[in-house]
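All remarks here apply to the structure that follows.
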Amino acid sequence: MFDFSKVVDRHGTWCTQWDYVADRFGTADLLPFTISDMDFATAPCIIEALNQRLMHGVFGYSRWKNDEFLAAIAHWFSTQHYTAIDTQTVVYGPSVIYMVSELIRQWSETGEGVVIHTPAYDAFYKAIEGNQRTVMPVALEKQADDWFCDMGKLEAVLAKPECKLCSCVAHRILPGKCGRAMSWRSWLTYASVMVCGLFPMKSIWIWSGASSRIFPGVMWRGETGRC
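Quick note: the sequence shown, position 179, residue 179 per full-length UniProt numbering, numbers continuous.
In structure tokens:
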């Protein structure tokens, strides 16, 4: 059993989360809960694999697009999402938000709208506006202990032919269930089924996974994370 209670002090390691609080917020006397980072130690099997590579001693240029790596990606999609992918379509991206920006540039034109559910990850605004697109917010509404999208509002916004939808899975910016693993099912189900049901004759580009997909293996007890 992995020891999640062990405290690992990351101060003095050039850690963005702890060493640069003042740089980001103007004061150092804060607890940085905004960044997508966690303080659990890496799993022992990963450390062992890295140590084995380190012992080789030579660290020259490596080809990321190799059969072993691509097979691992295909296995993940198959076991986690029941989806078969063509590994030859896999492309490299230096960061999540970089790829979101690239998709915005590929799938929309300057001045067009990109729909996001608010409140949203602040980097979404920067990616959209930085590419000279218009943010089209559709606010989520809290009902009891969960959050829901007003499908009427979403339908009205997406009725505009120039709009695209950026769906974040899971939408962890919100407290409660939408920040939990159940969002993997409800969010994608709504995005792929409800939205397509609203517009059966219209092509709608939906890209998802720009937030908590970074930690897809961290699940609440009883949750599978599968759609």
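Don't be surprised by glycine CBs; every beta carbon is placed ideally from N, CA and C. Model, not experiment: these values are computed from the prediction.
| Check | Outcome |
| --- | --- |
| Let me know if I35 comes out buried or exposed under the rule of 16 or more other beta-carbons within 10 Å of its beta-carbon. | exposed |
| Counting only runs of 4+ residues fully inside the stretch 38–80, write out the alpha helix (DSSP H) ranges in chain order. | 44–54 |
| Take F4 and list the residues in its own chain whose beta-carbon comes closer than 7 Å to its own, dropping the five residues that flank it on each side. | F40 |
| Please classify F148 as buried or exposed, where buried requires at least 16 neighbouring CB atoms within 10 angstroms. | exposed |
| Would you mind giving the Cβ-Cβ distance between I97 and A123, rounded to the nearest angstrom? I have them listed as a contact below 8 Å. | 5 Å |
| Starting from S95 and walking both ways along the alpha helix (DSSP H), at which residues does that stretch end? | Careful: S95 lies outside any alpha helix (DSSP H) and carries neither H nor E. |
| Any idea which residues DSSP pairs G113 with across the strands? | T134 |
| Could you give the DSSP three-state label for L158: helix, strand or coil? | helix |
| What did DSSP end up calling S108 once you bin it into helix, strand or coil? | coil |
| Kindly identify the DSSP beta-bridge partner or partners of W147. | K142 |
| Tell me which same chain residues have a C-beta within less than 8 Å of the C-beta of G113, skipping the five on either side of it? | R133, T134, V135, M136, V157, K160, E162, C163 and K164 |
| For a test of the three-state rule: what should DSSP assign to K164, helix, strand or coil? | strand |
| Apart from the five residues just before and just after G93, which ones in its own chain have a Cβ nearer than 6 Å to its Cβ? | M99 |
| Rounded to a whole number of angstroms, what is the C-alpha to C-alpha distance between I47 and V8? | 15 Å |
| Which class does T16 belong to by DSSP, given the choice of helix, strand or coil? | helix |
| Measure the CB-CB distance between L140 and T118 and report whether it falls below 8 Å. | yes |
| Who are the Cβ neighbours of F69 in its own chain at under 6 Å, not counting the five residues just before and after it? | none |
| In terms of residue numbering, what span does the alpha helix (DSSP H) encompassing V21 cover? | V21 to F25 |
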